[in-house]
């Protein structure tokens, strides 16, 4: 069956439809219509992320600034602390014996003095002192600044109590309780007035021994560490260990005895050993007044340091006095000004405090001249 050809009318209608179709205006999207919604969502997320990143950056910057600020503050505080902690160096922990003890004669001491670089600038005048023997030592450098009969044997008087204190602490701890023996009451003055049968600690007895120079305290300590003979043997053993070749002890209190003697050099070594090796002794001898409180077996006591320099001389920090008829006025005194620590030893002085002040002033002038 053949297809029918279209009629002329049908062709005209088709042509018209074609023309009409193309003649219609093209519909365009209005400019007011927003873009697809997912684009808006993407832009919203991007803005949030940017804001979040901005806040994070701000936090990081703030944290960095805070960290740097803390570092600067810490550095400033550390610098201030370092600068504020700068102090004169502590005294040399060595012993005077390192320089003086090996010297067998005055000539050896003179050689040690001659090596001191400030001697040429010292005043030529000899300090006017009344002591029969004297020694002035720069404890920092362990050099002799002044000497007078430094190896002349003389009675040590109560300077012997330094040896008693040392051997007591070598034998027993400070809290050791010791009963006052009956024999303590028979000791010659000075006395703390300890009552026989009372019980005190070794530390309390050391305050009475070294401040008030109490002979009853010396007898009690000796009795507590083994008896007087044992204590004296230990004191002489200490002298041997420190190479105090011109020193011999006969009793723990230092009262005059025919076979008891020492020298200015030996006493300087002994005193340096006491304060260098035993912080408790350094603390005690620097105390002006000490109260021993009453306890279950003892009365209360107040002991006052006999070293008047602690009240009158700038920088005085101890150490011990001594006085007997045979010895005269004896004194070991230490003073510290800044980094300079001087020790003066006087034996047989008519005015030990004035002599000590003269020699200490002389020493500080000599050190200042040295520069």
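In the working numbering, the protein residues as written are 76 to 446. Ideal Cβ placement from N, Cα and C applies to all residues, glycine included.
Bridge partners - residue i, DSSP secondary structure assignment
{"i": "residue 209", "result": "223, 421"}
{"i": "residue 253", "result": "275"}
{"i": "residue 303", "result": "According to DSSP, which records beta bridges pairwise, residue 303 is partnered with nothing at all."}
{"i": "residue 397", "result": "405"}
Whether residue i touches residue j by CB criterion (8 Å)
{"i": "residue 399", "j": "residue 232", "result": "yes"}
{"i": "residue 228", "j": "residue 402", "result": "no"}
{"i": "residue 422", "j": "residue 213", "result": "no"}
{"i": "residue 420", "j": "residue 238", "result": "no"}
{"i": "residue 367", "j": "residue 357", "result": "no"}
{"i": "residue 317", "j": "residue 244", "result": "no"}
{"i": "residue 325", "j": "residue 340", "result": "no"}
{"i": "residue 297", "j": "residue 277", "result": "no"}
{"i": "residue 295", "j": "residue 263", "result": "no"}
{"i": "residue 384", "j": "residue 202", "result": "no"}
{"i": "residue 392", "j": "residue 369", "result": "no"}
{"i": "residue 299", "j": "residue 253", "result": "yes"}
{"i": "residue 337", "j": "residue 351", "result": "no"}
{"i": "residue 412", "j": "residue 438", "result": "no"}
{"i": "residue 234", "j": "residue 407", "result": "yes"}
{"i": "residue 206", "j": "residue 424", "result": "yes"}
{"i": "residue 259", "j": "residue 271", "result": "yes"}
{"i": "residue 372", "j": "residue 274", "result": "yes"}
{"i": "residue 359", "j": "residue 285", "result": "yes"}
{"i": "residue 379", "j": "residue 405", "result": "no"}
{"i": "residue 431", "j": "residue 349", "result": "no"}
{"i": "residue 443", "j": "residue 394", "result": "no"}
{"i": "residue 377", "j": "residue 236", "result": "no"}
{"i": "residue 331", "j": "residue 323", "result": "no"}
Helix, strand or coil at residue i [DSSP, three-state]
{"i": "residue 390", "result": "coil"}
{"i": "residue 132", "result": "helix"}
{"i": "residue 436", "result": "helix"}
{"i": "residue 403", "result": "strand"}
{"i": "residue 325", "result": "coil"}
{"i": "residue 415", "result": "strand"}
{"i": "residue 373", "result": "strand"}
{"i": "residue 261", "result": "helix"}
{"i": "residue 309", "result": "helix"}
{"i": "residue 335", "result": "coil"}
{"i": "residue 218", "result": "strand"}
{"i": "residue 178", "result": "For residue 178, the predicted model reports a pLDDT of 38, less than 50, meaning its position is unreliable; a value from the coordinates is still stated below. In this structure, residue 178 counts as coil in the three-state DSSP scheme."}
{"i": "residue 445", "result": "helix"}
{"i": "residue 428", "result": "helix"}
{"i": "residue 357", "result": "helix"}
{"i": "residue 228", "result": "coil"}
{"i": "residue 201", "result": "coil"}
{"i": "residue 410", "result": "strand"}
{"i": "residue 287", "result": "coil"}
{"i": "residue 137", "result": "helix"}
{"i": "residue 280", "result": "helix"}
{"i": "residue 314", "result": "helix"}
{"i": "residue 46", "result": "Look at the range of the chain in this structure, 76 to 446, and you will see that residue 46 is not part of it."}
{"i": "residue 233", "result": "helix"}
{"i": "residue 330", "result": "coil"}
{"i": "residue 319", "result": "coil"}
{"i": "residue 143", "result": "helix"}
{"i": "residue 183", "result": "Reliability fails at residue 183, whose pLDDT of 40 lies under 50, so the model's placement of it is uncertain and the value that follows must be treated cautiously. In the structure shown, residue 183 sits in a helix (DSSP, three-state: H, G or I)."}
Where the alpha helix (DSSP H) containing residue i begins and where it ends
{"i": "residue 352", "result": "339 to 352"}
{"i": "residue 299", "result": "290 to 299"}
{"i": "residue 238", "result": "236 to 246"}
Start and end residues, beta strand (DSSP E) containing residue i
{"i": "residue 379", "result": "376 to 379"}
{"i": "residue 367", "result": "364 to 367"}
Would you call the segment 257 to 273 and the segment 286 to 294 in contact, with 3 or more CB pairs under 8 Å?
yes
Determine, using beta-carbon pairs with one atom in the segment 215 to 226 and one in the segment 294 to 314, whether at least three such pairs fall under 8 Å.
no
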